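J.: Mind the numbering: the sequence shown is residues 25 to 482 in the working numbering, read in order.
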Amino acid sequence: MEKVGVLLVSYGSRAAAIADALCRSGNYDVRIFDADKQKNPFILERAAAQEIGLDMGKICNFAKKHQDEIDFGIVGPEGPIIDGIRDVVEKETKIPMICPAKEYAIEKSKVLQRHLLTKCCPDANPRFKVFDPKDCSSKDEVKKEVWAWLDELENNAVVKPDAPATGKGVGVWGDHFSNREQLFAHFLTCYEHGTVIIEEKVDGEEFSLQFVSDGKHLVATPAVRDYKRAFDGDLGVNTGGMGAYKDAGNKLPFMDQKDWDDALEIGKKVFDEVKDDGDNTSLRGVPLYMAYTCARDGVKVLEVNSRPGDPESINLFTTLKDDFVDVCFRILDSTLTGLNFARKASVVTYAVPMAYGGYRKTFSGNMRVDLSKAYELGEKYGDAIRIYPGSMELRDGGTYALGSRAVCAVGIGDDIEDARNISLDGVVNIDGALWNRWDIGSEGHIEKSVKHMESLRG
Ligand code: GLY
C-alpha cells in the first residue's frame, strides 16, 4: 500500500475522529504527525510522532522537521486556522494544508459574518446591531443605545461577542437572562474585551451543515443537531457541545425539504460571495460550517464557522463511506465533486468532568479515566461504536481527564434510536468521574423539536 504522511493539527475528540478516519483508509498506509494540545492517548497510539503545544511556531517547526515524510496537513481547531496556520506552514514548508487560509477564516468575526450575509442573503440574516467600544464614550451612553435597541427587538435579543468564544460568550433572552439589567451585565463582560453584537432572537430549531470544499466545488454534508446547553432539557450554560445526532438521510426529523433546500442555497450564496469569481483554493477544507435555525419564515443563519464542528463533524467522519485519504487528495486536486455517506444515523454523547458546565462547583477527586471497558464494546458492536478521547492525556502510564470535554462515545445505527442506545452503552462503560447528558438524540427531545416546528409553521 502507498504510504501517506499527514500532519494533523489536533484538539479533542474531533481530532481523534479524524485520525481514525485517516487510519481506516483501505487504500493507503497512513502515518500521522500529530501537533496536539495534549497527549491524546488515541492519537498517540496511531501517530508516528507527536508534538505538544498548539502555538504557531511549534506546529511549524514540527512540520518542517518531518516535511519529507508528510504529504498534506489537516487542521481541526479554530484557533490555529484563525491565526493563519495554513499560510505559515505553506510558506515555510512544502506541505499543502487542508483548512481555510487566514483571510478566509470567517469565524474570526461575527460582525463580518453579519455584513457578509446582508450582502448575499439578507432574508437569512436576523436583525442585528454592532456595539464597538471605540465608538462609545461612557457606560451610560452605551446603556442608552442598548436599551433603544432592546425596545426595537422587544427584548427578544441574543448578545454575542464579535470574537470567537467557543459559543460560551453567547447570552440569550429568556434562557440566560430575564431582565434588561441581567442582559446588560452580560453585555458588559463581553464589551470590556471588544465589540459586541446584539441580534434578534429567532424562534425555531437549530441544525448545522458543514460544507467541504476544494476551492472550486462546494459539497454539503448531512444536517447535524448539536446540544449546546450543559444539562438535559436544554438547561444550563452554553458549552462547546454536549453531543449531537444525525439521521440516516440528509435531513433531521424536524426539517422539511424546503429547510434543506434553503440551507444549501444559503451556503452556496455565501461561498460564491466569499470566493469571488473562479476558483479559490484558499477555501480548502471546511470553509463553511453554517449553524442555522429553522424558523417560521424560513431558515436563518445563527453563525458561520470555518472548520469542522466538534462534535458535529464526528457524526460525519463516522458515517463517511468514501476513503477519507482519497477525499483529502481530491480536495488538494480540486476534484471534490461529491461525498458519499452511509445511510446510517449517528449519535455522539460527550462525557465531561464534574466541574464542566457548572455540574459541580469544584471537584478535587481523581481525574483518572479508564476506557478499556468502553473499548471492549467493539467486540459487541463492531464498527458501530467508536470511543474518542478528547480533553484527556496520557500521563504516568494512565489516562486522565483534563478540564474540557473528556471523551465521546459514538453510536452508529439504522436509525437515531439504535445509534443512541449504542452511544449510551459506550458512555456508561467509561470508568471515571465524568457526567453526560442523557437526552442526546432521545425520542422525547426530537419529538419536542418536531412539535415546536409544527406549532411555528401552523
Ligand atoms: N459544537 C459547536 C462548535 O463546534 O462550534
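Glycine is no exception: its CB is placed at the ideal position from the N, C-alpha and C atoms. For clarity, every value in this text was computed on a predicted model and none was experimentally measured.
I'd like the list of long-range same chain contacts for I106, defined as Cβ closer than 6 Å, with 5 residues on each side in sequence excluded.
T.: A129 and K132
J.: Can G426 and P413 be called in contact, C-beta distance under 8 Å?
T.: In the sequence as presented, Gly is not what sits at residue 426; that position holds Leu. For L426 and P413, no; Cβs fall outside 8 Å.
J.: Which residue's Cα is closest to the Cα of I436: K404, E75 and V349?
T.: K404
J.: Might you give, ordered along the chain, the residues of its own chain that have their beta carbon closer than 6 Å to the beta carbon of F341, omitting 5 neighbours on each side?
T.: A41 and A45
J.: With H, G and I counted as helix, E and B as strand and the rest as coil, what does DSSP make of H30?
T.: What sits at residue 30 in the sequence shown is Val, not His. DSSP places V30 in strand when its eight states are reduced to three.
J.: Please say whether M266 and R461 have beta carbons closer to each other than 8 Å?
T.: yes
J.: Assign H469 to buried or exposed, taking buried as 16 or more other Cβ atoms, counted over all protein chains shown, within 10 Å of its Cβ.
T.: Its Cβ being crowded by 16 or more others within 10 Å, H469 is buried.
J.: Quick test of the definition: if touching needs 3 or more C-beta pairs under 8 Å, does the region 209-229 touch the region 309-321?
T.: yes
J.: Which runs of the beta strand (DSSP E) spanning at least 3 residues fall entirely within the region 360-416, listed in chain order?
T.: 369-377 and 409-413
J.: Three-state secondary structure (DSSP) at N445?
T.: Three-state result, N445: helix.
J.: May I ask you to check if the CB of N460 is nearer than 7 Å to at least one heavy atom of ligand 1?
T.: no
J.: What did DSSP end up calling I42 once you bin it into helix, strand or coil?
T.: Correct three-state label for I42: helix.
J.: Using a threshold of 8 Å, state whether the C-beta atoms of V33 and I94 are closer than that.
T.: no
J.: Can you list every residue whose CB sits closer than 5 Å to some heavy atom of ligand 1, going in chain order?
T.: D250, G265, G333 and D334
J.: Less than 7 Å between C-beta atoms, sequence neighbours within five positions excluded: which residues of the same chain meet that for K293?
T.: C144 and C145
J.: In its own chain, which residues sit with a C-beta less than 6 Å from the C-beta of E336, not counting the 5 before and 5 after it?
T.: Answer for E336: S232, V248, D250 and A268, listed in chain order.
J.: Which of helix, strand or coil does DSSP assign to Y52?
T.: strand
J.: From the DSSP output, in three-state form, read off T190 for me.
T.: coil
J.: Just to confirm the assignment, what range does the beta strand (DSSP E) spanning P22 have?
T.: Not covered by the structure: residue 22. The range shown for the chain is 25 to 482.
J.: Three or more beta-carbon pairs under 8 Å between the region 344-354 and the region 184-202, yes or no?
T.: no
J.: The alpha helix (DSSP H) that contains T213, what's its start and end?
T.: R204 to Y215
J.: Counting Cβ pairs closer than 8 Å, one from the region 51-59 and one from the region 80-87, do we hit at least three?
T.: yes
J.: Is N304 helix, strand or coil when you go by DSSP?
T.: coil
J.: Residue range of the alpha helix (DSSP H) that F86 falls in?
T.: F86 -> alpha helix (DSSP H) spans M80 to K89.
J.: Assign E327 to one of two classes, buried (16 or more other C-beta atoms within 10 Å of its C-beta) or exposed (fewer than that).
T.: Around the beta carbon of E327, a 10 Å sphere encloses 16 or more other beta carbons of the protein chains shown; the residue is thus reported as buried.
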